[in-house]
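Q: Last residue of the sequence shown: number 518 in full-length UniProt numbering, and the count goes up by one each step with no gaps. Sharing a structure below in structure tokens format, with a few things to ask.
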Amino acid sequence: MSSPYVVNGLIDLFRRCGAIENALNIFSKCSLRDAVSFNTMIAGYCENGEIIKARELFDTMGSKDLISWNSMISGYADSSMFSEALSLLIDLMKKGDIKPDSFTLGSALGACAETGSLKLGRSMHSYCVVRGLESNPFVGGALVSMYCQCHKVESAEKVMQKVEDRDIVIWNTLLSGYARCNELQSVDSIIQRMRDDGLEPDVYTWNGIIAGCVENWCHEMALQLFSQLQSSNLKADIYTVGIAIPACSRLASVERGKQVHAYAIRCGFEKDSYIRAALMDMYAKCGAMEYAESVHDGSRSRDLVTQNAMLNAYAMHGYGEEGIAFFREMVARGSEPDHVTFLAVLSSCVHAGAVESGQEFFDLMGCYSVTPTLKHYTCMVDLLARAGKLEQAYGMLERMPLEADSVIWGALLGGCIIHGEVGLGEKAACELMRLDPGNSGHYVMLANLYASTGRWSELRGIRQRMNDEEMRKAPGCSWIEDRDETHVFMAWDKSHKRGREIYEMLNNLTAQMRLQHV
């Protein structure tokens, strides 16, 4: 092949077909390689997820042009290697002989948004202003997204006003940013301004706002907006459903969860494994395990996502034996468990008090090349501590190749309270207070340990320390849904309209429980 145009055309053809090995074969054998050949191969490697090979090829290039830098920076960004993308941009800026264009800046600003690199993002904004690129729709949209991700919606608003030819994507980015920053009161006015620009909200507009509501725990508003969307001329898509289901979970609203489920069935979304998993999680959190099992059993494809969701549901409800049996069936059917699977089955072992099974499954992780995380170690320490194997639990905590956090020390302290082990319990409590000194719950746990072992002097000392440091235990809170109305209850709260009746019933139940134990 004597023509570089033919060579580059063939390399690009194989790249576009996903045949990167064929492209490499031509590239390697050809002596007519130029910047276009290198750039095409770099783009092909990035598209195939072979980012290391792309960087190796990039580094061997003698003369890099802007396309080379853009391909590598966008490749890093598309592979979620945002720090590497920004580092490469800084290298480009230091060279000075090649100036970044709108494509370079757009990719790099996206990396700033994902990493929350506000300082670097602002520096890039200044560079965009100097280069006259702030009004460019691609760069302006990336700036708006970056500022919204960094919770600087006022700055995003200022950029927005300077962007030429604003499309619905940039408006949706701004609306989503305001919703995520809990500036929901501004949403209506922004929608009106969008309409003044000649644009109508689409389903992505609604998705951004509903997602913002869920992120800010405005679950009731999220479901109201979901209902409004259904009654509009737009149709909720699979992403809307995926956002609405967790809102039902957090409100423990099984009835509205069923409504969203029915909509998902009508639209064919229930076939998606992530929607099925979300539905199973929602039903489990609402206490409707029979519905969670029904969703699982009705699934034609038992993929790992769906099976993990069912296993998590068993663990969540303390169905330890069922969870262990389900895991064994999974493995027998040939499923390859991942770190989520093992975390769920270890949690089931904790609820079942199944120490031997827990140790068996923990050891099994290595067979599937799953490296235990701190959460897996926490489950094991909790399991051993609850079973009274406190020294073994402490030994695992000390030997693990990870730094202990307050959760794992809390699990050890919980076991010490159950079994009245003061010495080790005090050590765990000291570590908890060192790691999280302002948390009153740690002091309460230590007080419970002293109370359970009759250490009244030490108990008084802890309570005095809590009073001196003005620590208060946060009151417990729960809620239930009845006849489309949500009732919220807090410890010792008397603000409920039927509070007197509720406390009378509670006192009667307490009295009956005491009589049964006499």
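Note that the Cβ used here is the ideal one computed from N, Cα and C, for glycine as well. These figures come from a predicted structure and were not determined experimentally.
For Leu412, which option in Asn207, Lys389, Glu220 has the closest C-alpha, if you only look at C-alpha atoms?
A: Lys389
Q: Using CA coordinates, which residue listed in Thr205, Leu143, Arg180 is at the minimum distance from Trp171?
A: Checked all of Thr205, Leu143, Arg180; the closest Cα to Trp171 is Thr205.
Q: Look at the Cβ atom of Ala228, then the Cβ atom of Ala236, and state whether they are nearer than 8 Å.
A: In the sequence as displayed, the identity of residue 228 is Gln instead of Ala. No, these two residues do not count as a Cβ contact at 8 Å.
Q: If you follow the alpha helix (DSSP H) that Pro137 is in, where does it begin and where does it stop?
A: 137–149
Q: Excluding five sequence neighbours on each side, which residues of the same chain lie with their C-beta closer than 6 Å to the C-beta of residue 520?
A: No answer is possible for residue 520: it lies beyond the span of the chain, which begins at 1 and ends at 518.
Q: State yes or no: is the C-beta of His296 within less than 8 Å of the C-beta of Met280?
A: yes
Q: Quick check on the burial criterion: 16 or more other C-beta atoms within 10 angstroms. Buried or exposed for Val518?
A: Caution applies to Val518, whose pLDDT of 49 falls short of 50 and renders its modelled position unreliable; the model cannot decide the point.
Q: Compute the distance between the beta-carbons of Val148 and Ser176, then report whether it is under 8 Å.
A: Correcting the residue type first, residue 148 is Cys in the shown sequence and not Val. The answer is yes: Cβ separation under 8 Å.
Q: Note down, in chain order, each residue of its chain lying with its Cβ closer than 7 Å to the Cβ of Ser347, except the 5 sequence neighbours on either side.
A: Ala315, Cys379
Q: Which of the three DSSP states, helix, strand or coil, is assigned to Ala211?
A: helix
Q: Of the choices Glu321, Glu421, Glu50, Arg266, whose alpha-carbon is the least far from that of Ser452?
A: Glu421
Q: Is it true that the CB of Ala142 sits closer than 8 Å to the CB of Leu105?
A: Inclusion of Leu105 and Ala142 in the CB contact set at 8 Å is warranted, their separation being smaller than that value.
Q: For Asn22, which residues from the same chain have a beta carbon less than 8 Å from its beta carbon, with the 5 sequence-adjacent residues on both sides left out?
A: Phe14
Q: Please identify the residue among Gly96, Asn136, Ser145 whose C-alpha is closest to the C-alpha of Leu109.
A: Ser145
Q: Quick one: Cα of Glu157 to Cα of Leu133, how far?
A: 17 Å
Q: For Ala393 and Gly415, which I take to be in contact (beta-carbon distance under 8 Å), what is that distance rounded to the nearest angstrom?
A: 6 Å
Q: I'd like to know if the stretch 35–54 and the stretch 70–81 are in contact, where contact means that at least 3 CB-CB pairs between them fall below 8 Å.
A: yes
Q: Closest to Tyr319 by C-alpha separation, out of Ser294, Cys349, Ser253, would be which residue?
A: Cys349
Q: Measure the CB-CB distance between Val340 and Leu383 and report whether it falls below 8 Å.
A: In this structure, the beta-carbon distance from Val340 to Leu383 does not fall below 8 Å.
Q: Can you give me the start and stop residues for the alpha helix (DSSP H) that Ala404 sits inside?
A: Counted as a single uninterrupted DSSP element, the stretch harbouring Ala404 is not any alpha helix (DSSP H), since DSSP gives it neither H nor E.
Q: Nearest to Met221 by alpha carbon, out of Leu251, Gly441, Val305?
A: Leu251
Q: Tell me the rounded alpha-carbon separation between residue 521 and Gly499.
A: Residue 521 cannot be examined here, being either before or after the span of the chain that is shown, 1 to 518.
Q: Which whole runs of the alpha helix (DSSP H) in the UniProt repeat "PPR" (167–201) are 4 residues long or more, in chain order?
A: Runs of the alpha helix (DSSP H) inside the UniProt repeat "PPR" (167–201): 168–180, 187–196.
Q: Give the straight-line distance between the Cα atoms of Ser37 and Ile51, rounded to the nearest whole angstrom.
A: 17 Å
Q: Please classify Ser69 as buried or exposed, where buried requires at least 16 other C-beta atoms within 10 Å of its C-beta.
A: Sequence check: residue 69 is Trp here, not Ser. By the 10 Å Cβ count, Trp69 comes out buried.
Q: State the CB to CB distance for the pair Phe82 and Glu114, rounded to an integer number of angstroms; the pair is presumed to be in contact (CB under 8 Å).
A: Your pair Phe82 and Glu114 checks out as a contact, with CB atoms roughly 5 Å apart and the cut at 8 Å.
Q: Can you name, in chain order, every residue of its own chain whose Cβ lies under 6 Å from the Cβ of Lys162, other than the five neighbours on each side?
A: Glu134, Ser135
Q: Thinking C-alpha only, which one of Glu329, Val254, Gly208, Cys367 is nearest Ala292?
A: Val254
Q: One question on the structure: do Ala278 and Ile245 come within less than 8 Å of each other, judged by their Cβ atoms?
A: yes
Q: Do Ile408 and Leu374 have their C-beta atoms within less than 8 Å of each other?
A: Contact: yes.
Q: Just to confirm my understanding: we take Ile502, look at its own chain, exclude 5 residues before and 5 after, and list those with CB closer than 7 Å. What are they?
A: Closer than 7 Å at the Cβ level, and outside the excluded window around Ile502, lie His496.
Q: Let me check understanding here. Comparing Cα to Cα, which of Pro437, Glu391, Arg386, Phe342 lies closest to Asp405?
A: Pro437
Q: Are Arg333 and Thr306 touching if we call contact CB-CB under 8 Å?
A: Not a contact, by the Cβ cut-off of 8 Å.
Q: If we ignore side chains and look at the alpha-carbon of each, how far apart do Ser155 and Tyr263 end up?
A: 38 Å
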